[in-house]
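In what follows, a single structure is set out as structure tokens and then discussed.
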Amino acid sequence: MPPLTTHPLTHRFAFSSLLICLTLVHTIAIAQTAAPVRMGAGIMTFDTVPGWGLRPDGNSSIGPTHGSVVIDKEGHIYTSANAGVFVFSPDGIVVQSYLGGDYTNLHDIEIREEEGGEFIYGARNQNAEGIKFNAHTGEVVLRLPFPKESGLELKQFNPTAITVAPNGDIFLSDGYASNHIFKFDKTGKYLMHFGEKGNGLKQFNTAHGMTLDTRYEPA
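Numbering (our numbering), first residue to last: 220 to 438.
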């Protein structure tokens, strides 16, 4: 039997096929690596960190959420979810949580450093109140229900946002109902309200995401 021989073209074909296979494997491996998702525009452009905040099994730590995110002076990240408030370390590990009861359905939160520590202010949409609690112990120190002394007769009260002035005055928006903005002092005493539903001057349409511009005194 004559010796087995291989044509040079066969060698070249085999080498080319191997090179193509290796290229495909490399391409697939790159595609399977989770890439960050870029969000925003201009100076407000951010890259997500794939897997941040997930449990070891790859599932969400917090579940459904329609809330807010704040950061304390130590760099811990607080996020409000339907189940309550979850506190993450900067690398995405849950280090504390306030679940159920007073901490559910916080539609918006804001954190402030005050005498006595850091406090979180929250707008509880489905529970018809604003609250203030210690960020590190969870102790609720103030509640802001609908102020009957306002003289208003509302069919519902669904706070959607909350913010605090430098002097401690609290602003709570009723964004899913009347669209009034209610103002309280730092002890929770009702002071006034303003605004109504609409698209004109001094009107709001589902008031969300409040903040205060303290650079000047309004006329």
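Built from N, CA and C at the ideal position, the CB exists for glycine as well.
Exercise for the section: Quick one: which unbroken beta strand (DSSP E) runs of 3-plus residues sit fully inside the region 354–420? Chain order, please. Expected result: 359–364, 380–383, 389–392, 400–403, 409–413
For N386, tell me which candidate among S308, E332, H295 has the shortest Cα-Cα distance. Comparing Cα positions, the closest option is E332.
For the beta strand (DSSP E) that Y340 lies in, which residues bound it at each end? It spans 336–343 - the beta strand (DSSP E) in which Y340 sits, taken as one unbroken run.
Point to revise | C-alpha distance - G311 paired with D266, whole-angstrom precision | key: 15 Å
When P269, K405, R362, I296 are compared against P378, the one with the closest alpha-carbon: R362
- Task: Compare the C-alpha of A300 against each of I290, G286, S308, D291 and name the closest.
- Result: G286
Next item on the list: Have a look at G357 and A254 and give me their C-alpha separation to the nearest angstrom.
Entry: Cα to Cα, G357 sits roughly 36 Å from A254.
(Q) I need the boundaries of the beta strand (DSSP E) containing T264, first residue and last residue. (A) Where T264 is concerned, the enclosing beta strand (DSSP E) stretches over 263–266.
- What span of residues does the beta strand (DSSP E) with R257 cover, start to end? Residues 257–260.
Q.
Quick check: what's the CA-CA separation for A347 versus T264?
A. 35 Å
- prompt: Just curious, the beta strand (DSSP E) that A426 is in, first and last residue?
  reply: Counting along the chain, A426 falls outside any beta strand (DSSP E), and DSSP gives it neither H nor E.
* Asked: What do you get for K351, buried or exposed, if any count of 16 or more other CB atoms within 10 angstroms of its CB means buried?
  -> Around the C-beta of K351, 16 or more other C-beta atoms lie within 10 Å, and the residue is accordingly described as buried.
Leaving out five residues before and five after G294 in sequence, what residues of the same chain have Cβ atoms less than 7 Å from its Cβ?
P309
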